[in-house]
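Letter 58 of the sequence shown, counting from 1, is numbered 225 in our numbering, and no numbers are missing. Note that beta-carbon positions come from the ideal geometry of N, C-alpha and C, so glycine has one too.
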Amino acid sequence: MQRLSLPSRQQMVAFLKEDKWTSSQVAGVPNPVPPFWDLRGRSRRMREHLSLREFSGALGDIGTLVPILISLTVQGSASLTSSLFFGGLWNIATGFFYGIPMCVQPMKSIAAIALTKEFAPGELAGAGLGVSAIVFFLGVSRLLWLVTRFVPLPVVKGLQLGTSFQLCKKGVDLVKKNASFWGSGLLWSDNLWWACSSFLLVLFVYERRRVPVALLIFMVGVVFALAQTGAHHQFGLVHPGAHFVHPVVPTAREFKTGFLSAGLGQLPLTLLNSVVALAALARDLFPGYDPSMTHITVSIGAMNVVGCLLGSMPFCHGSGGLAGQYFFGARTELSLYFLGAIKIVVGVVFGESLLAVLKWFPSSLLGVMLFMASIELGLVARNFTLHPGDERRRRHDFVVLLTTAASLVGFSHDGLGFLIGMVTALVFWFHRLATAESEPASDGLSRAPSSGSALLDDQTKVVVASLTDTSPNSPSSKAPQQRAQEAMESCC
């Protein structure tokens with residue numbers, strides 16, 4: 168019977184010194200993104216990627232933005248002028264600072280609660296300010312260092328996979344909003360025919376990255392929205408002119424209601440998806456690029472301290488938005504400059520009156536774009552382990568990945584998914600530790616690691632034994648087919 172014991176001091180020191188998933192510099196890959204003060208390097212990189220695909224990628228996140236933006240502004244919880252203006256301003260600022268298509272997207276959990284409980288503008292601002300203040304403090308105080316050192320890679324990948332499934336479901340829900348092929352309820356501009364056509368179009372050009380498919384789908388949606396606006400004689404509701412933002416100062420009661428009702432649920436989502444998972448995804452998509460989670464938390468705090476007090480809906484970054492923009496072609500900050508300029512111009516010129524057109528944008532097209540962007544986010548979970556040659560460790564890491572993703576989707580809560588994934592990873596770690604300590608040392612190999620070396624588990628010892636054993640009955644003397652069959656039986 169194995170006795171479970173706490174790790175020794177040497178083992179904990181080795182764990183802390185071990186290279187973690189948080190740094191991509193261990194591979195010796197140069198950083199592809201010049202610093203923001205290197206204007207020549209930045210301009211040269213943007214010229215190299217200048218194409219329609221870059222502008223198409225700028226629209227990769229509108230499947231999340233447009234439905235939330237329309238719903239909150241129609242309800243009166245947020246200002247369309249302020250949300251477009253500050254959303255565009257933050258697009259340009261984050262593009263300049265990070266040099267990659269670091270998306271700016273709404274805080275989805277706060278938006279969902281605000282729509283359910285019909286928040287006033289002050290309550291929505293209070294929720295965004297409370298979450299941003301806590302995220303800002305955790306980043307500046309470097310307390311997020313604990314996350315980077317103690318959260319295993321499979322847990323992070325499980326969060327990304329679970330978020331991918333959630334966004335896929337939201338995309339399907341948008342398509343189902345007008346789900347009909349025929350009948351009296353068929354809307355010519357928004358139906359399953361257009362959803363299937365756009366989905367097949369995205370699949371056909373999936374390997375042809377030069378085709379600006381998101382731009383094509385967006386332009387079709389704009390034409391349909393303008394046609395429906397004209398058919399319903401609502402162009403008179405659109406008033407071009409100079410529209411300005413207005414301050415929103417939440418009272419103590421509004422701040423308390425907003426933060427306790429919506430902010431607490433948004434906090435783990437922002438920390439895990441908008442900071443931890445986003446930083447990991449950026450390293451996967453741009454090898455050599457190593458974003459600072461402190462910088463990400465500071466930018467989230469700065470965006471909302473200014474924007475929420477002037478009527479904007481709360482914004483954050485997110486791994487889903489980055490995956491969507493990358494999937495549809497964005498590679499540099501040029502896509503964010505383009506998107507930010509459009510938002511600012513449209514918000515200032517048309518303001519709240521633009522709702523007369525936006526409400527007719529086909530939800531079927533938005534749903535397809537959101538669905539395909541979510542698939543791109545889920546693809547990064549395929550690299551879920553730091554030990555690809557260790558079958559036992561890969562099996563443990565895969566269980567942690569599935570447990571985290573399934574818990575996140577099942578409970579619809581990032582915090583619970585994270586907690587259950589961490590507990591699973593901790594149990595497996597103690598199990599490997601107890602297994603390694605219970606086996607006697609052989610072939611000059613010590614049971615406890617020293618100088619930061621990792622523990623040898625069962626699979627590693629089998630490999631070492633097979634290399635040193637030359638007897639007729641040893642695994643190395645058997646036929647390859649027999650060894651493969653035995654390996655499959657022991658594995659499955």
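Inset, instruction - Establish whether the CB of M480 and some CB of chain C are separated by less than 8 Å. - result: Given the protein chain composition of this structure (a single chain), no chain C is represented.
Inset, instruction - Could you check the C-alpha separation between G404 and N471 for me, to the nearest Å? - result: Reading off the sequence, residue 404 comes out as Leu, not Gly. In a straight line, the C-alpha of L404 is about 30 Å away from that of N471.
Inset, instruction - Whole angstroms is fine: what's the gap from S191's alpha carbon to L553's? - result: Low confidence applies here, because S191 scores a pLDDT of 43, under 50, leaving its location unreliable; read the following figure in that light. Taking the straight line from one Cα to the other gives about 12 Å.
Inset, instruction - Indicate the three-state DSSP secondary structure (helix, strand or coil) for C475 in the structure shown. - result: helix
Inset, instruction - Rounded to whole angstroms, what's the CA-CA distance from H406 to G388? Just pull it up for me. - result: 21 Å
Inset, instruction - Return the CA-CA distance between S365 and H462, expressed in angstroms with no decimal places. - result: 37 Å
Legend entry - Close Cβ partners of Q395 (< 6 Å) along its chain, the five nearest in sequence each way excluded: S356, W527
Inset, instruction - Go to H598, then tell me how far its alpha helix (DSSP H) extends in each direction, as first and last residue. - result: 581 to 605
Inset, instruction - Below 6 Å CB to CB, which residues in the same chain sit around L219 once its five sequence neighbours on both sides are set aside? - result: P379
Inset, instruction - Can you say whether S351 is buried or exposed, counting buried as having 16 or more other CB atoms within 10 angstroms of its CB? - result: exposed
Inset, instruction - Please state if the CB of G224 and the CB of M538 are separated by a distance shorter than 8 Å. - result: Checking the sequence, you will find Phe at residue 538 rather than Met. Contact annotation: F538 and G224 have beta-carbon atoms that are not nearer than 8 Å.
Legend entry - Among I267, F203, W360, nearest to Q492 - alpha-carbon criterion: I267
Inset, instruction - Mind checking who P435 pairs with in its DSSP beta bridge? - result: According to DSSP, which records beta bridges pairwise, P435 is partnered with nothing at all.
Inset, instruction - Give me the Cβ distance between T330 and L544, rounded to the nearest whole Å; I'm assuming they're in contact under 8 Å. - result: That pair is a contact at about 6 Å.
Inset, instruction - State buried or exposed for A381, treating a residue as buried only when at least 16 other CB atoms are found within 10 Å of its CB. - result: buried
Inset, instruction - Would you kindly work out how many angstroms separate the C-alpha atoms of V535 and K336, rounded to a whole number? - result: 11 Å
Legend entry - Option nearest K343 by Cα separation, candidates Q327, L600, A287, A362: A362
Inset, instruction - Check whether the region 547 to 566 touches the region 305 to 314, counting contact only when three or more Cβ pairs, one atom from each stretch, lie closer than 8 Å. - result: no
Inset, instruction - Keeping to the same chain, check which residues put their C-beta closer than 8 Å to that of P435; ignore five residues upstream and five downstream. - result: Take P435, set aside five residues on each side of it, and the residues of its chain with a beta-carbon closer than 8 Å to its own are H580, D581, G582, F585, in chain order.
Legend entry - Bridge-paired residues (DSSP) for P273: F482
Legend entry - Alpha-carbon to alpha-carbon, R599 and F385: 51 Å
Legend entry - Best match in L310, H413, G295, R212 for proximity to F422 [C-alpha to C-alpha]: G295
Legend entry - Proximity winner among V594, G432, L328, S466, relative to V442 (alpha-carbon distances): S466
Inset, instruction - Count the other C-beta atoms from every protein chain shown that fall within 10 angstroms of the C-beta of W204, then say buried if there are 16 or more, exposed otherwise. - result: exposed
Inset, instruction - Kindly confirm or deny that the region 249 to 264 and the region 488 to 504 touch, where touching means at least three C-beta pairs closer than 8 Å. - result: yes
Inset, instruction - Could you check what DSSP says for G611 in three-state terms: helix, strand or coil? - result: Since pLDDT at G611 reaches only 44, below the 50 mark, its modelled position is unreliable, and the value read off the structure follows with that caveat. DSSP places G611 in coil when its eight states are reduced to three.
Legend entry - Per-residue DSSP class, three states only, for L217: coil
Inset, instruction - Determine the extent of the alpha helix (DSSP H) in which Q145 is found, giving its start and end residues. - result: No answer is possible for residue 145: it lies beyond the span of the chain, which begins at 168 and ends at 659.
Inset, instruction - Take every Cβ of the region 317 to 333, pair it with every Cβ of the region 223 to 242, and state whether three or more of those distances are shorter than 8 Å. - result: no
Legend entry - Contact set for R212: own chain, Cβ-Cβ below 7 Å, skip 5 residues either direction: Hits under 7 Å: P201, T499.
Legend entry - Nearest candidate by alpha-carbon position, reference L313, set A490, G208, L438: L438
Legend entry - Buried or exposed (CB count within 10 angstroms, at least 16 for buried), R209: buried
Inset, instruction - If I'm right that L476 touches L247 with Cβ under 8 Å, what's the distance once you round it to whole angstroms? - result: Contact flag wrong, Cβ pair sits at about 17 Å.
Legend entry - Beta carbon of V302 nearer than 8 Å to that of G514: no
Legend entry - Closest Cα partner of P197 within the set S249, I235, F597, F453: F453
Inset, instruction - Taking only the alpha-carbon atoms, compute the straight-line gap between S428 and W360 and give it to the nearest angstrom. - result: 39 Å
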